[in-house]
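Residue numbers (my numbering): 3 to 143.
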Amino acid sequence: MIRLAPALLALAYVSTSAGAEFASAPPWKRLTCEAPATPGDIRDIKCNVNGAGMPVRYRFTITFLGGHDDTTASLKASEDGSPLVCGKDSKTSLLGEDGEVSLFCNLSLKHDPGTSHVIAFSVVWSHAQYKDFELTAERDP
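Written out as structure tokens, the structure is:
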């Protein structure tokens, strides 16, 4: 019998048919996104998602190191070029936080099966060091 490490269970989301991947998969699957390196303290991140035919909760998190009294950061989200408003319990800006700091955006979206969409996140910061980001998804009950 082959045993898979728990990390392998968090593979990138790829839609198959009508959201069947959400029926048996563990919650909060990590999605694959494109985040080309850019000069300066700017990151434009684009994530392709496929329609599942049901509401899906997305959580985008971006983390920075070395935050201190003059650290600032802000985050904007969009879908297919149109602005999105991050939902409840999101944190889309910060000012003067110390240590490892993060911004996050919670979204609940429903797309028709077989459709493709681009969810994008634009992040600008100063006086901190970019560490990483992640976009995860789970079925929205």
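No residue lacks a Cβ here, since even glycine has one placed at the ideal position from N, Cα and C.
Worksheet item: Would you call the CB atoms of Phe106 and Thr63 closer than 8 angstroms?
Response: On the sequence shown, position 104 is the one that residue 106 refers to. On the sequence shown, position 61 is the one that residue 63 refers to. Result yes, Cβ atoms of Phe106 and Thr63 sit closer than 8 angstroms.
Worksheet item: Is Phe24 helix, strand or coil when you go by DSSP?
Response: Locating residue 24 in the sequence shown gives position 22, where the first residue counts as 1. Any reading at Phe24 must be qualified, since the residue scores a pLDDT of 42, below 50, and its modelled position is unreliable; the value itself is stated next. Reduced to three states, the DSSP call for Phe24 is helix.
Fill in: contact_flag[the segment 97–105, the segment 46–55] where n(CB pairs < 8 angstroms) is 3 or more
no
Worksheet entry | Assigned exposure category for Asp82 - 16 Cβ within 10 Å defines buried | To locate residue 82, count along the sequence shown from 1; it is residue 80. The residue is exposed, with fewer than 16 neighbouring Cβ atoms inside 10 Å.
Practice prompt. Answer yes or no: do Leu86 and Leu109 have a C-beta to C-beta separation smaller than 8 angstroms?
Written response: Within the sequence shown, numbered from 1, the residue matching residue 86 stands at position 84. Within the sequence shown, numbered from 1, the residue matching residue 109 stands at position 107. Going by C-beta atoms, Leu86 is nearer than 8 angstroms to Leu109.
Worksheet item: Which of the three DSSP states, helix, strand or coil, is assigned to Ala130?
Response: Against the sequence shown, residue 130 aligns to sequence position 128. In this structure, Ala130 counts as coil in the three-state DSSP scheme.
Worksheet item: So, helix, strand or coil for Thr63, using DSSP?
Response: Along the sequence shown, one-based indexing puts residue 63 at 61. Strand.
Discussion item. Taking only three categories from DSSP, how would you classify Ala122?
Written reply: The sequence position of residue 122 within the sequence shown is 120, counting from 1. If DSSP states are grouped into helix, strand and coil, Ala122 belongs with the strands.
Discussion item. Can you give me the C-alpha to C-alpha distance between Ser76 and Arg141, rounded to a whole angstrom?
Written reply: Residue numbering aside, residue 76 sits at position 74 when the sequence shown is read from its first letter. Residue numbering aside, residue 141 sits at position 139 when the sequence shown is read from its first letter. Spanning the two alpha carbons is a distance of roughly 27 angstroms.
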